[in-house]
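Working notes, beginning with the structure itself.
Residue numbers (full-length UniProt numbering): 1 to 340.
Take a look at the structure:
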């Protein structure tokens, strides 16, 4: 099966699988005290600063949820977009597990900005209202768009001026950094981001995510939150091994460059087909389009993908590190045939 439903559909990159096998050769200390995890943490610190606190996790939902739980009290709220993964695709875990209210800001192309934050802070210090404590942004966004460095910095500066923290959901942070041509540090540390969820699974790992506390003071005590949240993996070396491989020899960048480039190719080829409308800017590895509803099911049988908006007929096509040029050609050929 060749799919465009999600970059989660792709398998594990061979270099990462080899790293897992290598980590399996001997006994090692459990719960992250092993040398492999230690090396992986140091690689993270090379990107995010030597004081950054790194906590390996297994799922993006757990990483986002436990970070927000750690940063908030029961009367707090988190500001995010109406399409944020934390509010649409995590089954209410922020509310159920973190116990925090989510407030939606107005957006353009999946991005919030300072002007959209201002109205949501007008009731701060009013005992009758939940108190915003965190602004959460996604990079790249759920709509496949990117925040510029200036946009991230503006949000961070404003949030900090109001006493709020900034969390970045980086499920596709590698695609974003590569597309912008910047380092992780430039896109996070230098802009003022306090903490981020670093996604490895979508870019070639088996199941590897990380909570990265750039503000090391904020990371104090999170180890207990991770354990209580059932995310302290006993054989942590297998997650460490994946990140060690991903962050070595710029594998993350190679994988992201490839998936981004194929998304651009897919959008360009599909746009040439009568009856296909590309609906959003293609800035990372996601393509959004409208195609006639009567061909959606037929196409999904051949190449699985998701319907994004039932009302408008908008669909989403995602490319991954393992997508091939032949996949693009075959998909577009099938799309053209279905429309003829």
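Ideal Cβ placement from N, Cα and C applies to all residues, glycine included. Note that the coordinates shown come from a computational prediction; the quantities given were computed from them, not determined experimentally.
Where does residue i land, buried or exposed, given buried means 16+ other C-beta within 10 angstroms?
i: residue 91; result: exposed
i: residue 142; result: buried
i: residue 41; result: buried
i: residue 119; result: exposed
i: residue 106; result: exposed
i: residue 178; result: buried
i: residue 98; result: buried
i: residue 283; result: buried
i: residue 228; result: exposed
i: residue 61; result: buried
i: residue 169; result: buried
i: residue 144; result: buried
i: residue 311; result: exposed
i: residue 29; result: exposed
i: residue 8; result: exposed
i: residue 74; result: exposed
i: residue 333; result: exposed
i: residue 135; result: buried
i: residue 244; result: buried
i: residue 100; result: buried
i: residue 319; result: buried
i: residue 87; result: buried
i: residue 72; result: buried
Residues bridged to residue i by DSSP?
i: residue 170; result: 198
i: residue 286; result: 318
i: residue 277; result: 290
i: residue 182; result: According to DSSP, residue 182 bridges with nothing at all.
i: residue 24; result: In DSSP, residue 24 forms no bridge with anything.
i: residue 101; result: 77
i: residue 53; result: 213
Is the beta carbon of residue i less than 8 Å from the beta carbon of residue j?
i: residue 278; j: residue 287; result: yes
i: residue 211; j: residue 195; result: yes
i: residue 114; j: residue 155; result: yes
i: residue 103; j: residue 77; result: yes
i: residue 305; j: residue 316; result: yes
i: residue 109; j: residue 292; result: no
i: residue 44; j: residue 239; result: no
i: residue 322; j: residue 51; result: no
i: residue 47; j: residue 185; result: yes
i: residue 204; j: residue 13; result: yes
i: residue 193; j: residue 214; result: yes
i: residue 139; j: residue 176; result: yes
i: residue 202; j: residue 171; result: yes
i: residue 70; j: residue 225; result: yes
i: residue 301; j: residue 308; result: no
i: residue 327; j: residue 2; result: yes
i: residue 180; j: residue 274; result: no
i: residue 299; j: residue 247; result: no
i: residue 256; j: residue 276; result: no
i: residue 112; j: residue 158; result: no
i: residue 252; j: residue 174; result: yes
When DSSP labels each residue in this structure, what does residue i get in the three-state scheme?
i: residue 3; result: coil
i: residue 332; result: helix
i: residue 165; result: strand
i: residue 298; result: helix
i: residue 83; result: coil
i: residue 339; result: helix
i: residue 160; result: helix
i: residue 308; result: strand
i: residue 107; result: coil
i: residue 33; result: coil
i: residue 225; result: helix
i: residue 135; result: strand
i: residue 176; result: helix
i: residue 261; result: helix
i: residue 94; result: helix
i: residue 114; result: helix
i: residue 17; result: helix
i: residue 153; result: helix
i: residue 187; result: helix
i: residue 242; result: helix
i: residue 127; result: coil
i: residue 254; result: helix
i: residue 45; result: helix
i: residue 89; result: coil
i: residue 352; result: As displayed, the chain neither begins before 1 nor continues past 340, which places residue 352 out of reach and without an answer.
i: residue 220; result: coil
When you compare the region 119 to 129 with the region 259 to 271, are there three or more beta-carbon pairs, one atom per stretch, that lie closer than 8 Å?
As far as the Cβ criterion goes, the region 119 to 129 does not touch the region 259 to 271, which means the pair count is below three.
Per the contact definition of three or more C-beta pairs closer than 8 Å, is the region 147 to 165 in contact with the region 197 to 209?
Fewer than three Cβ pairs drawn from the region 197 to 209 and the region 147 to 165 lie within less than 8 Å of each other, which leaves the two stretches out of contact.
I'd like to know if the region 18 to 35 and the region 222 to 241 are in contact, where contact means that at least 3 CB-CB pairs between them fall below 8 Å.
They touch, by the three-pair rule.
Touch check for the region 12 to 29 and the region 220 to 234: three-plus C-beta pairs under 8 Å?
Not touching, per the Cβ criterion.
If contact is defined by three or more beta carbon pairs under 8 Å, each pair taking one atom from either stretch, is the region 255 to 264 in contact with the region 59 to 66?
Verdict: no, contact absent.
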